[in-house]
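Undergrad:
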Amino acid sequence: MKDKLTVKLLSALQVTGSEYEVHDTTVTGLYVRVTAAGAKSYVVRWSRARKKALGRVGVLTLDQARQQATKYLSEAREHGEPLAITQGRKGATLPSLRDFIDDTYMPWFKAHYKGDEKTLHTLDNNFVLIMAQRIDVITGRDLDQIRTGWMQGGNKASTVNRKMGSISGVFSRAVEWEYISVHPMAKVKQLKVDSMGLVRYLEDDENIRLRAAMDARQDEARDERDSANKWRTDRNQELYPDLRDLVFTDHLKPMVLVSLNTGMRRGELFDLKWSAVNFTTKTITAAGDTTKTNDTRHIPMNKEVVAVLEAWKKQAGKSRYVFPSQAGGRLEDVKAAWLKLLERAGIEAFRWHDMRHDFASRLVMAGVPLNTVRDLLGHSDIKMTLRYAHLAPGTKAAAVELI
360 MKDKLTVKLL
370 SALQVTGSEY
380 EVHDTTVTGL
390 YVRVTAAGAK
400 SYVVRWSRAR
410 KKALGRVGVL
420 TLDQARQQAT
430 KYLSEAREHG
440 EPLAITQGRK
450 GATLPSLRDF
460 IDDTYMPWFK
470 AHYKGDEKTL
480 HTLDNNFVLI
490 MAQRIDVITG
500 RDLDQIRTGW
510 MQGGNKASTV
520 NRKMGSISGV
530 FSRAVEWEYI
540 SVHPMAKVKQ
550 LKVDSMGLVR
560 YLEDDENIRL
570 RAAMDARQDE
580 ARDERDSANK
590 WRTDRNQELY
600 PDLRDLVFTD
610 HLKPMVLVSL
620 NTGMRRGELF
630 DLKWSAVNFT
640 TKTITAAGDT
650 TKTNDTRHIP
660 MNKEVVAVLE
670 AWKKQAGKSR
680 YVFPSQAGGR
690 LEDVKAAWLK
700 LLERAGIEAF
710 RWHDMRHDFA
720 SRLVMAGVPL
730 NTVRDLLGHS
740 DIKMTLRYAH
750 LAPGTKAAAV
760 ELI
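As structure tokens, then:
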């Protein structure tokens, strides 16, 4: 929308849950962008596809924003683009890393990729030391010192590389959009990681203990419900549903069993809807907009998964999600229940994601070709699947017998 920007108007702009813009009628080309979360920034646009974030409302005054915008627009009319852009955006016109991330990078990231909240959390919690610096003065040495601190703090190489990857993406876009001319991480090499290292999967006795723990957890929930209903009966109060009439007392056991038998990622299970479960063809469709690689894949259901989901559907209510939250929407977390289950089962160092490794490991040990395992897991690169190759029965032994 268009309006004359005033201090009063800026303070009255509401958070709507969606990003919107208010264009100034005093300086054509200047506008305020309000993000879905309510962050307000001044932006100047001098052509259809060329714009520049000037700074945050409250940090930059309205008069300062108009002065900067007028300068940008005047130079754009005379030279085709503002001189600060032509000269690599040097000097005070460049944003801090904090402003660049909030005003420019994250809106772009959110439009192109999933996981924007996780990415922003990683950036916010690991790069505080350089957030206030102008984006053009941050050096590879600055980043290497931050990385050294993580390593001294006990971070694994793979964890360090993931963190550095998040900030590397920020600077890659800054180079592409001509905020800076040289990537500060150009000479900061990734740490070496053993990509063929230990794969954590369940030993046979651990699998038995995990299943027994799930059954014991359900028995305990039923006993507690019986006790609660007896108390309510004695007081002539309405009874809770009888859990002994249900196959599952809650979502945890069916989620674990589906995960163990399909190798689906946790986020894919959270996003799974009944419309993606086909009992006729015995397949689950993981839609591209819910997968890590953005590729749709079709996952066959074995007998246990079919039985689990058929039973779960009969008692799961009307939510479109297979494993909904208590409110019926998307489930967000199972960590607390999962950790308690592992403790009950006496299983250590086994993450939820390791059920995916367990699925792949059992397939390879059963002689399933690696390329088939790759398709079932939805790996974009066979190198990711090769970490399970050593589990193939007799592969290396058979190879050396050929010479």
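Take 360 as the starting number for the sequence shown in the working numbering and just add one per residue.
From the three backbone atoms N, C-alpha and C, an ideal C-beta is built for every residue, glycine too.
Quick caveat: nothing in here was measured; it's all calculated off a predicted structure.
1. Do Asn620 and Asn661 have their beta-carbon atoms positioned less than 7 Å apart in this structure?
2. Beta strand (DSSP E) containing Glu380: first to last residue?
3. Evaluate Lys363 with the Cβ neighbour count: other Cβ atoms within 10 Å of its Cβ, from every protein chain shown; 16 or more gives buried, anything less gives exposed.
4. Can you check which of these residues, Ala571, Leu598, Asn484, is closest to Arg584 by C-alpha distance?
5. Is the beta carbon of Met510 closer than 7 Å to that of Leu456?
6. Does the stretch 424-439 come within contact of the stretch 500-508, defined as at least 3 CB pairs closer than 8 Å?
7. With contact counted as at least three CB pairs below 8 Å, one residue from each stretch, are the stretch 724-732 and the stretch 629-637 in contact?
8. Would the beta-carbon of Leu628 fall within 7 Å of that of Met614?
9. Answer yes if the stretch 689-700 comes into contact with the stretch 534-544, meaning at least three C-beta pairs across the two stretches below 8 Å, and no otherwise.
10. Could you tell me which residues DSSP pairs with Ser406 in its beta bridges?
11. What three-state label does DSSP hand Thr621 in the structure shown?
12. Within the continuous alpha helix (DSSP H) that includes Thr481, where are the two ends?
13. To which residues of the same chain is Val547 closer than 8 Å at the C-beta, ignoring the five residues directly before and after it?
14. Would you list the residues sitting across from Asp362 in a DSSP beta bridge?
15. Looking only at DSSP bridge pairs, what is Leu419 linked to?
16. What residue from Leu413, Ala580, Lys612 has the CA that sits closest to Arg404's CA?
17. In whole angstroms, what is the alpha-carbon distance linking Val541 and Gly397?
18. Please report the straight-line C-alpha distance between Val391 and Ala666, rounded to a whole angstrom.
19. In terms of alpha-carbon separation, which member of His382, Asp654, Ile494 lies closest to Leu421?
20. What residues match up with Thr608 in a beta bridge as DSSP calls it?
21. Any idea which residues DSSP pairs Val391 with across the strands?
22. Checking the sheet assignment: what are the DSSP bridge partners for Ser455?
23. Any idea what DSSP makes of Tyr599, helix, strand or coil?
24. Mind checking who Ala645 pairs with in its DSSP beta bridge?
25. Exposed or buried, which one is Gln427 when buried takes at least 16 other CB atoms within 10 Å?
26. I need the boundaries of the alpha helix (DSSP H) containing His738, first residue and last residue.
27. Check each candidate in Leu700, Ala708, Val606, Asp713 and name the one with the smallest Cα separation from Glu669.
28. Between the C-alpha atoms of Thr592 and Leu611, what's the straight-line distance to the nearest angstrom?
29. Grouping DSSP H, G and I as helix and E and B as strand, with all else coil, what is Tyr560?
30. For a quick check, are the C-beta atoms of Val374 and Lys399 less than 7 Å apart?
TA: According to the data block:
1. yes
2. 379-383
3. exposed
4. Leu598
5. no
6. no
7. no
8. Cβ distance < 7 Å, so Leu628 and Met614 count as in contact.
9. no
10. Arg409
11. helix
12. 475-485
13. Gly499, Leu502, Asp503, Arg506, Met523
14. Answer by DSSP bridge pairing, in chain order: Asp383.
15. Val416
16. Leu413
17. 32 Å
18. 55 Å
19. His382
20. Paired residue(s): none; Thr608 is not in a bridge.
21. Val381, Tyr401
22. Arg493
23. Residue state for Tyr599 is assigned as coil, using DSSP reduced to three classes.
24. Arg656
25. With 16 or more neighbouring CB atoms inside 10 Å of its own CB, Gln427 falls in the buried class.
26. Here His738 belongs to no alpha helix (DSSP H), and DSSP marks it neither H nor E.
27. The option with the nearest alpha carbon to Glu669 is Val606.
28. 29 Å
29. coil
30. no
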